């Protein structure tokens, strides 16, 4: 009987070649990416991953063995079902995550969901799924975890006697407004708690669903308690659909920026990530479109390829833009000190070298021309009122 077999074969990490990725070998026989990098030849059949960003589903880096699907001659791979989104409950007892990274502007964040159905192939959060024993590939965008108790847990943590308020960032890892938020409404519950206690929040998303909560955000914005950043990676709907298959279209994101701005909510356009030879030519057009939508602030982040993201992005390029494969990785390495990724604090977001400098200068000139970033929105903690409970002594009268 035909079946997909599993072997104790760990998918090896990609070795950085001495020449740009995909470069022809020096021998008489022409090389191919699949030959040079055998780990690329593990893509899941297209019909099974329709509407997804990743091409493969390799085992997480902490697993003792890897499962490799192959056809043993009985053609039973055609019987395998497509990947469907499943949702499990995350039973974490705390919801606020802390960090001490010196190059980001917040020290705490909330992630209502683990995994993200948007399926952005470049997502730097993908490697976190390996901590769950799952693949950063297709598992990341199809096996989701929800924190249904997040609003209650948040209120409990804010009530702790030692809690000191500072802006909470939401959406810096996985998108809080991904499709399942429509029915789960976890994010709205979190905002209701933050509004009640007067706590500042900064949101990053790719979804027009954020407009659903414009009523809460507008009330909070009047007290200088909320701001929203929307990532617009490209204005090309075809590129957006292949790179971010289940995120809102570029036009919908611009509509969301305009609606939020009209509602008095401070908005930022994120040109993120900037991918050389793929979307870097759109920087000025994206900023111009956002400025006309009423946006006053802008930022950008260079493509980041940590851990498994490098292989996943490489597979995606080979599938959709094979003619740009070599050029893209050559430019990436030029901006990452000769490597595919450099995690050094202070440079990981912007890169180094002439190409990185040029991207930064283009961004600055465009912002200056459009009047962006003249003033930065700084949220306040003056309205914070600690919730009752959490060890706080109640008044007798």
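In this note's numbering, the protein residues as written are 256 to 652.
All residues carry an ideal CB built from backbone N, CA and C; glycine is no exception.
All figures in this text were calculated on a predicted structure; none of them were measured in a lab.
Check each candidate in the options and name the one with the smallest Cα separation from residue i.
{"i": "residue 539", "options": "373, 614, 592, 412", "result": "614"}
{"i": "residue 505", "options": "591, 527, 520", "result": "527"}
{"i": "residue 343", "options": "359, 629, 368, 481", "result": "368"}
{"i": "residue 563", "options": "303, 315, 302", "result": "315"}
{"i": "residue 313", "options": "299, 305, 621", "result": "299"}
{"i": "residue 347", "options": "387, 377, 317", "result": "387"}
{"i": "residue 552", "options": "543, 559, 558", "result": "543"}
{"i": "residue 494", "options": "472, 572, 445", "result": "572"}
{"i": "residue 641", "options": "321, 382, 418, 546", "result": "418"}
{"i": "residue 384", "options": "377, 376, 394", "result": "394"}
{"i": "residue 632", "options": "360, 577, 530", "result": "360"}
{"i": "residue 596", "options": "574, 534, 530", "result": "530"}
{"i": "residue 405", "options": "364, 310, 559, 390", "result": "364"}
{"i": "residue 439", "options": "452, 451, 407, 403", "result": "403"}
{"i": "residue 338", "options": "377, 390, 585, 545", "result": "390"}
{"i": "residue 407", "options": "376, 378, 451", "result": "451"}
With a threshold of 7 Å on Cβ separation, who are the neighbours of residue i within its own chain once the five nearest residues in sequence on each side are excluded?
{"i": "residue 517", "result": "549"}
{"i": "residue 432", "result": "442, 460, 462, 464, 465"}
{"i": "residue 340", "result": "372, 397, 399"}
{"i": "residue 598", "result": "561"}
{"i": "residue 611", "result": "557, 590, 605"}
{"i": "residue 624", "result": "none"}
{"i": "residue 622", "result": "542, 553, 628"}
{"i": "residue 318", "result": "388"}
{"i": "residue 345", "result": "369, 400, 401, 402"}
Who are the Cβ neighbours of residue i in its own chain at under 8 Å, not counting the five residues just before and after it?
{"i": "residue 362", "result": "353, 354, 355, 421"}
{"i": "residue 635", "result": "455, 478, 479, 480"}
{"i": "residue 435", "result": "340, 342, 368, 372, 399, 401"}
{"i": "residue 519", "result": "473, 476, 477"}
{"i": "residue 601", "result": "357, 358"}
{"i": "residue 503", "result": "461, 462, 463, 464, 511"}
Out of curiosity, what's the CA-to-CA distance linking residue i and residue j?
{"i": "residue 554", "j": "residue 525", "result": "5 Å"}
{"i": "residue 532", "j": "residue 490", "result": "15 Å"}
{"i": "residue 280", "j": "residue 592", "result": "Confidence at residue 280 is low in this model, with a pLDDT of 41, below 50, so the placement of that residue should be treated as unreliable; the coordinate-derived value is given next. Residue 280 and residue 592: Cα-Cα distance of roughly 23 Å."}
{"i": "residue 467", "j": "residue 437", "result": "9 Å"}
{"i": "residue 474", "j": "residue 456", "result": "12 Å"}
{"i": "residue 295", "j": "residue 569", "result": "Annotation note: pLDDT 45 at residue 295 (below 50); position unreliable, coordinate value reported separately. Taking the straight line joining both Cα atoms gives about 8 Å."}
{"i": "residue 639", "j": "residue 557", "result": "35 Å"}
{"i": "residue 653", "j": "residue 358", "result": "Here the chain covers residues 256 to 652 and nothing more, so residue 653 does not appear."}
{"i": "residue 446", "j": "residue 581", "result": "44 Å"}
{"i": "residue 409", "j": "residue 401", "result": "15 Å"}
{"i": "residue 444", "j": "residue 392", "result": "30 Å"}
{"i": "residue 278", "j": "residue 565", "result": "Note on residue 278: pLDDT 46, under 50, position unreliable in the model; no value is reported."}
{"i": "residue 287", "j": "residue 498", "result": "Because residue 287 sits at a pLDDT of 48, beneath the cut-off of 50, its placement in the model cannot be relied upon, and the point is left open."}
{"i": "residue 349", "j": "residue 609", "result": "43 Å"}
{"i": "residue 302", "j": "residue 587", "result": "31 Å"}
{"i": "residue 575", "j": "residue 492", "result": "14 Å"}
{"i": "residue 534", "j": "residue 412", "result": "41 Å"}
{"i": "residue 382", "j": "residue 321", "result": "16 Å"}
{"i": "residue 469", "j": "residue 594", "result": "42 Å"}
{"i": "residue 547", "j": "residue 559", "result": "29 Å"}
{"i": "residue 626", "j": "residue 496", "result": "30 Å"}
{"i": "residue 304", "j": "residue 310", "result": "7 Å"}
CB-CB under 6 Å to residue i, same chain, minus the five flanking residues each way: which ones, in chain order?
{"i": "residue 374", "result": "307, 308, 396, 500, 501"}
{"i": "residue 428", "result": "366, 380"}
{"i": "residue 449", "result": "456"}
{"i": "residue 617", "result": "538"}
Tell me, to the nearest whole angstrom, how far the beta carbon of residue i is from that of residue j; I am working on the premise that it is less than 8 Å.
{"i": "residue 425", "j": "residue 454", "result": "That belief does not hold up - the Cβ atoms of residue 425 and residue 454 are roughly 11 Å apart, past 8 Å."}
{"i": "residue 522", "j": "residue 485", "result": "7 Å"}
{"i": "residue 509", "j": "residue 483", "result": "Wrong, their Cβ atoms sit about 13 Å apart, outside the cutoff."}
{"i": "residue 376", "j": "residue 515", "result": "Incorrect: roughly 27 Å between the Cβ atoms, too far for contact."}
Continuous beta strand (DSSP E) assignments of at least 3 residues falling wholly in the segment 521 to 574: 522 to 529, 552 to 557
Continuous alpha helix (DSSP H) assignments of at least 4 residues falling wholly in the segment 315 to 387: none
Minimum length 4: unbroken alpha helix (DSSP H) runs contained in the segment 458 to 506: For the segment 458 to 506, the full-length alpha helix (DSSP H) segments reaching 4 residues or more read 469 to 477, 492 to 498 along the chain.
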